[in-house]
Every structure is written in C-alpha cells, then in structure tokens.
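So the sequences go chain by chain: A and B. Numbered according to my numbering, the first sequence spans residues 1 to 361. Numbered according to my numbering, the second sequence spans residues 1001 to 1164. In this text, a Cβ means the ideal position worked out from N, Cα and C, and glycines have one as well. None of the values given here were measured: they were computed from a predicted structure.
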Amino acid sequence: MIEIFSNTSHVHLLLNHVPTTAFSVALVLFVIALVNRSETLKKASLAMFFLIAAVTIATYTSGSAAEAWLRGTNAMTELPPNVLSDAIHEHEDAALWATILMGLTGFFSWLSLWQGRSVKRRPSWSVPLVLVLALASFAAMSRTAYLGGHIAHVEIRPDVVARHKACLALVDEEVKHPGSVPNAPQNCPWQTAVDDVARAQGTQPAVKSTARELGDFVIGRTWMWPTLETLHFVGLCLLFTTVLIVNLRLLGMITVVPYSAVYQLLPIGMLGFAVNLITGMLFFVGIPSQYNANPVFYWKIVFVLLGGLNTTYFMLVDDAWRAGPGIDAPAGSKLAAASAIFIWVAVLYCGHMLPFIGNAF
Amino acid sequence: MMALLQQIEGSGLSQWVRQSGSLWAFPGILLAHTYGMAIMVGIIAGIDLKILGLVPALPLTPLQKFFPLVWVAFWLNAITGTILLAADATTKLANPDFGVKMAFIVLAVINQRLIQKRVFGDPEIDRRPFTPGAKMLAVMSLVCWLGAITAGRLLAYVGNPGGL
C-alpha cells in the first residue's frame, strides 16, 4: 500500500480514473436530473462535478510528478523501454486544457449549488452553463485519456501501428512472391516498430509543449513571480475571510447572526480559492521540479482535497441552516466548522513550508 | 545609527533567527506573521466588502465581536515583524520598500480606528444605507492592506533583498 503512494506514477494511474470514468457517471446523472427535473439528483451531480474537479488538480500534479519519477532529476535520463517521450508531452498539453475546463466546471457547479440555496430561483444561465462546460470538459478529458494511453501502450499508438503494419505487408509480399522483396524481414517484432518511431522522433526538432511555453512565460519575466505571489496572498486573505467568519459563527461567536446571513460570504472565499488555484497552477507549471518530489506539496494537495470535501458537506447537508438568529449550531455542523478551520490552516502551513521542509526555493 | 543596527543584527536572538536552521526560527516566525495577516486582513476585508454592499443579509454591528481577534493578530504581527526586522535590520531599513510597507500599515491602522469609531459607533448603521464616507473608508482600508501586502511581498525582490 505504502509503495503505491510513494510511486507517483502509480498515484497518477489511480487518480486518472476520476476525471474520466467518475466524471462520465456524473455527467449521465446530471442529464437525467435535467430531463426528469429532479432537484435532488441535480444537487448530487453538481456536487460530484465539484469534487471531481478538486481531484483533477491532484491528477494533473501527480501526472507531472509521474514523469519526474520516471526520469529522475535528469531530463536526459532514459525512460522505460515502452514509454514514448513525445506521447508524454502530447498528453500533458491535452491535460492542461482539460484541467482548465474541469476547474471552470467545478467552480460554476459550486456556484450553482450555492445559488440553489441562497436565491429563490437560480439565475437562468447557471445550469446551462454548467452543462456546456461539463460537455467540453468531457471531450477534453477523453482526448487527454486517449493520448495518455499512448504513453506506455505502444500497441495503440497510430504511428507505431502503421510501422508494424508496413512491416507485416512486406513479409506478406515476400510470402506471396518469394524473392520479390530484397532483405525482407522474417517476422515483425513490435520493439522494432517502437524503435523506429522513437528514432524518427529524435530526428525531428524538439517541439516545445504548450505547458512548457506557459511555464517559460511565467519564469521568463522578472515581475511575474512576485506578482503571482502577491495575488496568492490576496487570495489567501479572501479565503480566510469566509473560513473564519462563517465557521466561527457556527462555533458560537456571533450567534445573533443567522447562518443564512453568513452563508452569503461563501462566494468570497471561493473567489479567493480560485485566485489561489490559478496562481498556484502557474507556479506549478513554471517550475514543476519544485513540487514534483516535494512531500510538503503532496500534503498540501491532500488538505486541499479535504477542503473540497468539507465545502461539499456545507453544500449538501442542511444541518447548519437550523442555526437561526440567536440559535446555537447543531453538533454536526460545529464539527464540520472546526474541521474547516483546521484544514485551511494546514493548507497554509504546507504552502508556507514548501521551501523550508520541502525543496522549493 | 548603522553601528546600532549592526549590534541588533549581531544579537543572540537575531543570529538564532537567521542562522539556527531550526524550523521554529525564521520559518516559524514568518509562518506566524502569515497567519496574523490571514486573520487580520481576512476579517477586515470581510467587513470592508460588507460596507461596500456585498453580503447584504449580514448585519454589521455583531461583527465588532471580531475586533479583539483582529487586534490580537495585529500585535502578533507587530511582534513577529519586529523580530524579523531585528534579524535583518541593516538591509531592511535601507530598503525604501520597507518604508512604503510601514506607511501603508500606519494608514491602514488609522483607517481601521476610524471605521470602528465612525461606522460602528453609529447606532443606526444596520438600519439605513451606508454613507459615502463609510464606503470611502472601506475602499481606503482595502487599498491600504493591498498596498501593505504587495510592499511586504516585494521586500524579497526590490532594493537590496539581503540574506532573508
């Protein structure tokens, strides 16, 4: 079990089923909810979109860590024999777009869940927007999964298959008309086709991946990193606005205020989180090596996922709404509130310690 | 003056913060400084955004219960900030950006006192719309804290960043 989690390649192979398989289940449930006009099913599928989007963050970062695990610290290190280097970069670029779309789907799913409770009628654009984003995410994620399959499954990679078939055709021709093909091979080993493709890749000028171009944009400008860091701090403060005021209310601090009033603060916190997700992803794409093998980053992602679960509790369980003006919150929501504060304090701790315990600068 | 700063930098505490390598030293003190910022600016920004018209259902008056927490966070940061300054006094005080940060914080604190006195001091606050003056104070508060955070972060980049 421990070996699975210490091998980031394995972690990525586990997680990649969530944005693909689990997401298609959520999408089907969402469509059924829209057809049957079932509010309960709609809430459940929106919550699934939100949670899957959170797991997608971990899937993306574990993918980068998986490549780093295969290569070690040296980018020139040889990959396992059946792994095609170009396929990794095609997959990574597709994953970047799919992750962005999935993030938008998660954000607007959450907003739709929040609106379902805070306003009498959801704005008319809310649910259709989620549907469009979810369909786009599904398409982008499917393409990512397809390209991901090409990394190690050389038998489905079109260029490898084409070379293998060309070889088989030669053997066939020689069998039908002996002596017609000089130096015809006796049989066609797959390894030869893979080697051919890898050699052809090597002769082409290396194309820079979109992810790397974005990363170079981030690290290539002196003002960029400090600006992103400052925005990351601003986002953190906005996140804490919500985390502190909402959860301290539930824990008994301003009980005269009903939960329904502090509930209106939640989008401020989600906006802060969105700012930090965007700036955080830009740091990650800028210098992935700071985070790929950094245990503190690993824990930070774990706590962010727990934060997503915690938020979902408040979206789906109506416990806290029993806290009207002057009424103490029920024990369940107090526990969720205390966990929320603990989780976000831990996320900040991990972020701060990235350079001190881990290897970021 | 420079001799005094060098003496502060050479003190046992300053050297421990700078060189001990302990997680409780520089990393821990900076962590406390970051938590202080999150608590203080987090709550103040919430109050400012409320005054500016977000979260209409939330009454303002009960939020004054958060002021003790805000000021505890402020003093936490004043203390941790002083320790961090002592560890690197010669470079930080020579950096004009440090002056900018302090100016923003002084303005933000004065502004916060004004919000507590004028906006929260009005017994009618939750019964009528906020005055343009109150909204102005809220905007000033957001601008000053944004300025303080920006100048604080840039201390690591502009002027002579020094050893920390």
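{"query": "Candidates V119(A), S209(A) and A87(A), of which the one nearest A152(A) by Cα", "result": "A87(A)"}
{"query": "Ordered list of alpha helix (DSSP H) runs contained in the segment 200–270 of chain A, each at least 4 residues", "result": "210–220, 224–250 and 259–262"}
{"query": "Contiguous alpha helix (DSSP H) assignments of at least 4 residues, all confined to the segment 125–155 of chain A", "result": "126–152"}
{"query": "Where H350(A) falls: helix, strand or coil (DSSP)", "result": "Strictly speaking, residue 350(A) in this sequence is Cys, with His absent from that position. Helix, per DSSP."}
{"query": "Inter-stretch contact (C-beta, 8 Å, three-pair minimum) for the segment 158–174 of chain A and the segment 189–196 of chain A", "result": "yes"}
{"query": "Beta-carbon proximity check, P1059(B) vs F356(A), cutoff 7 Å", "result": "no"}
{"query": "L1049(B) versus A1148(B), F1130(B) and G1147(B), residue with shortest Cα-Cα distance", "result": "F1130(B)"}
{"query": "Sub-7 Å separation of L51(A) and G280(A) beta-carbons", "result": "no"}
{"query": "CA-to-CA distance, F283(A) to R221(A), given in whole angstroms", "result": "13 Å"}
{"query": "Cβ distance (whole Å) where N294(A) is taken to contact G358(A) below 8 Å", "result": "4 Å"}
{"query": "CB contact check: T241(A) to chain B, cutoff 7 Å", "result": "yes"}
{"query": "Near-chain B residues of the segment 247–261 of chain A (beta-carbon distance less than 7 Å), N- to C-terminal order", "result": "M253, I254, V256, V257, S260 and A261"}
{"query": "Outcome for R1127(B) when other beta-carbon atoms lying within 10 angstroms are tallied against a minimum of 16", "result": "exposed"}
{"query": "C-beta neighbour in chain B for P226(A), strict 7 Å", "result": "yes"}
{"query": "Min CB distance I245(A) to chain B below 7 Å", "result": "yes"}
{"query": "Amino acids of chain A, ordered along the chain, whose beta-carbon sits closer than 7 Å to that of R1153(B)", "result": "P226, E229, T230 and F233"}
{"query": "Under 8 Å from the C-beta of F217(A): neighbouring residues of chain B", "result": "Within 8 Å Cβ-Cβ: nothing; F217(A) doesn't reach chain B, min ~18 Å."}
{"query": "Proximity below 7 Å, CB of V234(A) to CB of L265(A)", "result": "no"}
{"query": "Min CB distance C237(A) to chain B below 7 Å", "result": "yes"}
{"query": "Beta-carbon spacing of C237(A), A1045(B) below 7 Å", "result": "yes"}
{"query": "Assigned secondary structure, Y313(A) (DSSP; H/G/I helix, E/B strand, else coil)", "result": "helix"}
{"query": "Cβ pair P330(A), P258(A) closer than 7 Å", "result": "no"}
{"query": "Chain B contact for F342(A) (CB, 7 Å cutoff)", "result": "no"}
{"query": "Rounded separation between S24(A) and L101(A) - CA only", "result": "15 Å"}
{"query": "Neighbour flag for L265(A) against chain B, beta carbons, 7 Å", "result": "yes"}
{"query": "Neighbouring residues, chain B, relative to M353(A) (Cβ below 7 Å)", "result": "P1027"}
{"query": "Contacting residues, own chain, Cβ-Cβ under 7 Å from I343(A) (five flanking each side not counted)", "result": "F303, L306, G307 and N310"}
{"query": "Neighbour flag for F107(A) against chain B, beta carbons, 7 Å", "result": "no"}
{"query": "Within chain A, the residues that T1150(B) reaches when beta carbons sit closer than 7 Å", "result": "T230"}
{"query": "Within 7 Å, strictly: CB atoms of S333(A) and L250(A)", "result": "yes"}
{"query": "Contacting residues, own chain, Cβ-Cβ under 6 Å from H10(A) (five flanking each side not counted)", "result": "I4"}
{"query": "Best match in A1032(B), A1038(B), G1012(B) and L1031(B) for proximity to T241(A) [C-alpha to C-alpha]", "result": "A1038(B)"}
{"query": "Own chain residues within Cβ distance below 8 Å of L1155(B), not counting five before or after", "result": "K1092, N1095, D1097, F1098, K1101 and P1161"}
{"query": "D318(A) in three-state terms, based on DSSP", "result": "coil"}
{"query": "Limits of the unbroken alpha helix (DSSP H) element including E90(A)", "result": "S85 to S118"}
{"query": "Span of the alpha helix (DSSP H) around I1031(B)", "result": "The sequence as given places Leu at residue 1031(B); Ile does not occur at that position. L1031(B) -> alpha helix (DSSP H) spans F1026 to I1051."}
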